[in-house]
Amino acid sequence: MTKTTKILQDSFGREHNYLRISLIEKCNLRCSYCMPADGVPLTPRSQLMTAEEIFEIAKTFVAQGVDKIRLTGGEPLVRKDFSEILKNLATLPVRLSITTNAVLTDRFIEDFKKYDLNDINVSLDTLLPEKFKMITRRDQFKKAYDNIQLLIKEGFNVKINAVLMQDFNKDEIVDFVMFTKNLPITVRFIEFMPFDGNRWNRKKLVTEKEILEQVENFFGKKYLQKLEDEQNFTSRNYKIEGFEGRFGIISSVSNPFCDGCNRIRLTANGKIKNCLFSNHETDLLGALREGQNLEELISNSLFKKKAVRAGMDDFEKLNDPDRHSKNRSMITIGG
Numbered sequence: 001m002t003k004t005t006k007i008l009q010d011s012f013g014r015e016h017n018y019l020r021i022s023l024i025e026k027c028n029l030r031c032s033y034c035m036p037a038d039g040v041p042l043t044p045r046s047q048l049m050t051a052e053e054i055f056e057i058a059k060t061f062v063a064q065g066v067d068k069i070r071l072t073g074g075e076p077l078v079r080k081d082f083s084e085i086l087k088n089l090a091t092l093p094v095r096l097s098i099t100t101n102a103v104l105t106d107r108f109i110e111d112f113k114k115y116d117l118n119d120i121n122v123s124l125d126t127l128l129p130e131k132f133k134m135i136t137r138r139d140q141f142k143k144a145y146d147n148i149q150l151l152i153k154e155g156f157n158v159k160i161n162a163v164l165m166q167d168f169n170k171d172e173i174v175d176f177v178m179f180t181k182n183l184p185i186t187v188r189f190i191e192f193m194p195f196d197g198n199r200w201n202r203k204k205l206v207t208e209k210e211i212l213e214q215v216e217n218f219f220g221k222k223y224l225q226k227l228e229d230e231q232n233f234t235s236r237n238y239k240i241e242g243f244e245g246r247f248g249i250i251s252s253v254s255n256p257f258c259d260g261c262n263r264i265r266l267t268a269n270g271k272i273k274n275c276l277f278s279n280h281e282t283d284l285l286g287a288l289r290e291g292q293n294l295e296e297l298i299s300n301s302l303f304k305k306k307a308v309r310a311g312m313d314d315f316e317k318l319n320d321p322d323r324h325s326k327n328r329s330m331i332t333i334g335g
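Residue numbers for the sequence shown follow full-length UniProt numbering, beginning at 1 and rising by one.
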């Protein structure tokens, strides 16, 4: 298809060319920061996007300047028609990527290669099997770890996403950085963020400052190298001198990167979210099924985007449980 030069902008002039599509609300793990312990009410299947509807909505975004699409969930590889969805999206002039827990990735290696999906982010919050079992409520560490090694061996661009929490995995920061010594990967430390049902508390937060202090104390400040950040970055990137890989910090809470945000989110039931923290949603799937024009709905939603974290511009607002409860749990937003 022919791509226009039109680029989606919000009221602050930020251009949005990056669409994150959640394919499914289900997951084969039960990470506590993502899903409440007793689960979440699942959207009826009839109200979820079909493979064809995902493609149609994606085409609308691409016509408005989107050139990067990330597939998320839940766990996107749980979806039975994942290969069909990937095949469809691969016909668009976009760079495709995925966020996964890696438990099932060995089944899709050939699909990834065939449809040019090279960028794979793996959610892995610990390098210890027992901790993995505790945080995910599933005994799948070996499968996930082996598949990470397989992805690296097969030449994929692998990033490891680790959500840090006090009294859980803060003591593994150095171990994760050491993981980059002989592997061409990026480990990204993500600050614990507030969502419905994840019992967010500021006391659980491990900040960017704390991460860097721990790294500097262990490796020595002179060996810590600050790397150039990408355009529209979410991660501030570093490496240890002589290490093959690198690490980054996604500081959505303590040091947000909203000024350069270029991301839009589409939930599995076809709602657009203009910010991860926002509880405002626009129903694109319903509009598509009614034959409405989606471009105006998308533009209007984006124009309502706030300058910083959906208006939560200080810790007092972040600590307000009423704000968290009005947003979705992370698993129904899309990672």
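In this text, a Cβ means the ideal position worked out from N, Cα and C, and glycines have one as well.
Tell me the DSSP bridge mates of Tyr238? Along the sequence shown, read from residue 1 onward, the residue named residue 238 stands at position 238. For Tyr238, which the question treats as bridged, DSSP gives the partners Lys226 and Phe247.
Rounded separation between Phe243 and Lys304 - CA only: In the sequence shown, counting from the first residue as 1, residue 243 sits at position 243. In the sequence shown, counting from the first residue as 1, residue 304 sits at position 304. Roughly 43 Å separates the two Cα atoms.
Does the Cβ of Asn300 have 16 or more other Cβ atoms within 10 Å, making it buried, or fewer, making it exposed? In the sequence shown, residue 300 corresponds to position 300, counting from 1. Its Cβ having fewer than 16 others within 10 Å, Asn300 is exposed.
State the DSSP-derived secondary structure class of Asn217, mapped to helix, strand or coil. Sequence index remark: in the sequence shown, residue 217 carries index 217 (1-based). Helix.
Which residues in the same chain as Pro129 place their Cβ atom closer than 6 Å to its Cβ, once the five residues preceding and following it in sequence are excluded? Taking the sequence shown and counting its residues from 1, the one referred to as residue 129 is at position 129. Same-chain partners within the cutoff: Phe141.
For Pro41 and Phe219, I'd like the C-alpha separation in whole angstroms. Stepping through the sequence shown from its first residue, residue 41 is reached at position 41. Stepping through the sequence shown from its first residue, residue 219 is reached at position 219. Near 45 Å, if we compare the C-alpha coordinates of Phe219 and Pro41.
Range of the contiguous beta strand (DSSP E) that encloses Lys159: Start at 1 with the first residue of the sequence shown, and residue 159 comes out as number 159. First-last of the beta strand (DSSP E) with Lys159: Asn157 to Leu164.
Quick check on the DSSP output: the beta strand (DSSP E) that includes Ser123 runs from which residue to which? Here residue 123 refers to the residue found at position 123 when the sequence shown is read from its first residue. Asp119 to Ser123 is the span of the beta strand (DSSP E), which, as asked, contains Ser123.
Leu266 and Arg20 look like a contact to me (Cβ under 8 Å); what is the Cβ gap, rounded to whole Å? Stepping through the sequence shown from its first residue, residue 266 is reached at position 266. Stepping through the sequence shown from its first residue, residue 20 is reached at position 20. At roughly 7 Å, the Cβ-Cβ gap stays under 8 Å, so Leu266 and Arg20 are in contact.
Following the continuous beta strand (DSSP E) through Ser187, name the residue where it begins and the one where it ends. Here residue 187 refers to the residue found at position 187 of the sequence shown. The question names Ser, yet the displayed sequence has Val at residue 187. Run containing Val187: Thr186 to Glu191, per the beta strand (DSSP E) assignment.
Euclidean distance between Cα positions of Ile185 and Ile264: Along the sequence shown, read from residue 1 onward, the residue named residue 185 stands at position 185. Along the sequence shown, read from residue 1 onward, the residue named residue 264 stands at position 264. If you take the alpha carbons of Ile185 and Ile264, they lie about 26 Å apart.
From Leu8, Ile57 and Asp10, residue whose alpha carbon lies closest to that of Gly291: Numbered from 1 along the sequence shown, position 291 holds the residue referred to as residue 291. Checked all of Leu8, Ile57 and Asp10; the closest Cα to Gly291 is Ile57.
Measure from the alpha carbon of Ser123 to the alpha carbon of each residue in Leu164, Gln214, Lys80 and Gly13, then state which is nearest. Counting from one through the sequence shown, the residue named residue 123 turns up at place 123. Out of Leu164, Gln214, Lys80 and Gly13, Leu164 has the C-alpha closest to the C-alpha of Ser123.
Does the beta-carbon of Pro76 have 16 or more other beta-carbons within 10 angstroms, so that it is buried, or is it exposed? Here residue 76 refers to the residue found at position 76 when the sequence shown is read from its first residue. Burial call: buried.
Please confirm whether residue 385 and Lys143 have their CB atoms less than 8 Å apart. Limits of the chain in this structure are 1 at one end and 335 at the other, which puts residue 385 out of reach.
DSSP three-state assignment for Asp283, whether helix, strand or coil: Here residue 283 is taken as the residue at index 283 of the sequence shown, counted from 1. Asp283: strand per DSSP, three-state reduction.
Ranges of the alpha helix (DSSP H) found wholly within the region 85 to 136, counting only runs of at least 4: 109 to 114 and 129 to 136
Quick check: the Cα distance between Val94 and Asn17, rounded to an integer number of angstroms? Against the sequence shown, residue 94 aligns to sequence position 94. Against the sequence shown, residue 17 aligns to sequence position 17. Their Cα atoms are separated by approximately 10 Å.
Thr105 classed as buried or exposed, judged by whether at least 16 other C-beta atoms fall within 10 angstroms: In the sequence shown, counting from the first residue as 1, residue 105 sits at position 105. Thr105 is buried by the Cβ-count criterion.
How far does the beta strand (DSSP E) with Leu294 in it extend, from its first residue to its last? In the sequence shown, the residue the question calls residue 294 occupies position 294. Run containing Leu294: none in the beta strand (DSSP E); it sits in the alpha helix (DSSP H), Leu294 to Phe303.
DSSP-derived helix/strand/coil call for Ser83: Taking the sequence shown and counting its residues from 1, one reaches residue 83 at position 83. Ser83 falls in the helix class under three-state DSSP.
Closest to Asp67 by CA distance: which of Leu89, Ser46 and Gln47 is it? Taking the first residue of the sequence shown as 1, we reach residue 67 at position 67. Asp67 has its Cα closest to that of Leu89, out of Leu89, Ser46 and Gln47.
Excluding the five sequence neighbours on either side, which residues of its own chain have a C-beta within less than 7 Å of the C-beta of residue 338, listed in chain order? In the structure as shown, the chain starts at 1 and stops at 335, and residue 338 therefore has no counterpart that could be examined.
Ser22, buried or exposed, once every other Cβ within 10 Å from all chains shown has been counted against 16: Taking the sequence shown and counting its residues from 1, one reaches residue 22 at position 22. Buried, because 16 or more other Cβ atoms sit within 10 Å of the Cβ of Ser22.
Return the chain-ordered list of same chain residues with a C-beta closer than 7 Å to the C-beta of Asp111, the five sequence neighbours on each side being excluded. By one-based count along the sequence shown, residue 111 stands at place 111. For Asp111, where only same-chain residues beyond five positions count, the Cβ hits under 7 Å are Ser83 and Leu86.
Sequence-distant residues of its chain with Cβ nearer than 7 Å to Gly13 (five each side left out): By 1-based counting over the sequence shown, the position of residue 13 is 13. If we look at Gly13 and ignore the five residues flanking it on each side, it has no Cβ neighbours.
Alpha carbon to alpha carbon, how far is Val174 from Asn279? Give it in angstroms, no decimals. In the sequence shown, residue 279 corresponds to position 279, counting from 1. In the sequence shown, residue 174 corresponds to position 174, counting from 1. For Asn279 and Val174, the distance between alpha carbons rounds to 35 Å.
Using a 10 Å radius around the Cβ and a threshold of 16 neighbouring Cβ atoms, would you call Ile190 buried or exposed? Residue numbering aside, residue 190 sits at position 190 when the sequence shown is read from its first letter. Flag for Ile190 reads buried.
Taking DSSP's pairing of strands, which residues face Arg265 in a bridge? Residue mapping note: residue 265 aligns to position 265 of the sequence shown, counting from 1. DSSP lists Arg20 and Lys273 as partners of Arg265.
Tell me, which residues are paired with Ile69 by DSSP? Position 69 of the sequence shown, counted from the start, is the residue given in the question as residue 69. According to DSSP, which records beta bridges pairwise, Ile69 is partnered with Leu19 and Leu96.
Three-way DSSP call (helix, strand, coil) for Leu288 in this model: To locate residue 288, count along the sequence shown from 1; it is residue 288. Of the three classes helix, strand and coil, the one that applies to Leu288 here is helix, per DSSP.
Buried or exposed for Gly74, going by 16 or more other Cβ atoms inside 10 Å? Along the sequence shown, read from residue 1 onward, the residue named residue 74 stands at position 74. Burial call: buried.
Following the continuous alpha helix (DSSP H) through Ala144, name the residue where it begins and the one where it ends. The residue labelled residue 144 in the question sits at position 144 within the sequence shown. From DSSP, the alpha helix (DSSP H) with Ala144 extends over Phe141 to Lys153.
Do Ser97 and Leu117 have their C-beta atoms within less than 8 Å of each other? For this step, residue 97 is matched to residue 97 along the sequence shown. For this step, residue 117 is matched to residue 117 along the sequence shown. For Ser97 and Leu117, yes; Cβs fall inside 8 Å.
Is it the case that the Cβ atoms of Val78 and Cys31 are separated by a distance below 8 Å? Mapped onto the sequence shown, residue 78 falls at position 78. Mapped onto the sequence shown, residue 31 falls at position 31. Going by C-beta atoms, Val78 is not nearer than 8 Å to Cys31.
Quick check: Thr136 and Leu29, are their CB atoms within less than 8 Å of each other? Indexing the sequence shown from 1 puts residue 136 at position 136. Indexing the sequence shown from 1 puts residue 29 at position 29. Result yes, Cβ atoms of Thr136 and Leu29 sit closer than 8 Å.
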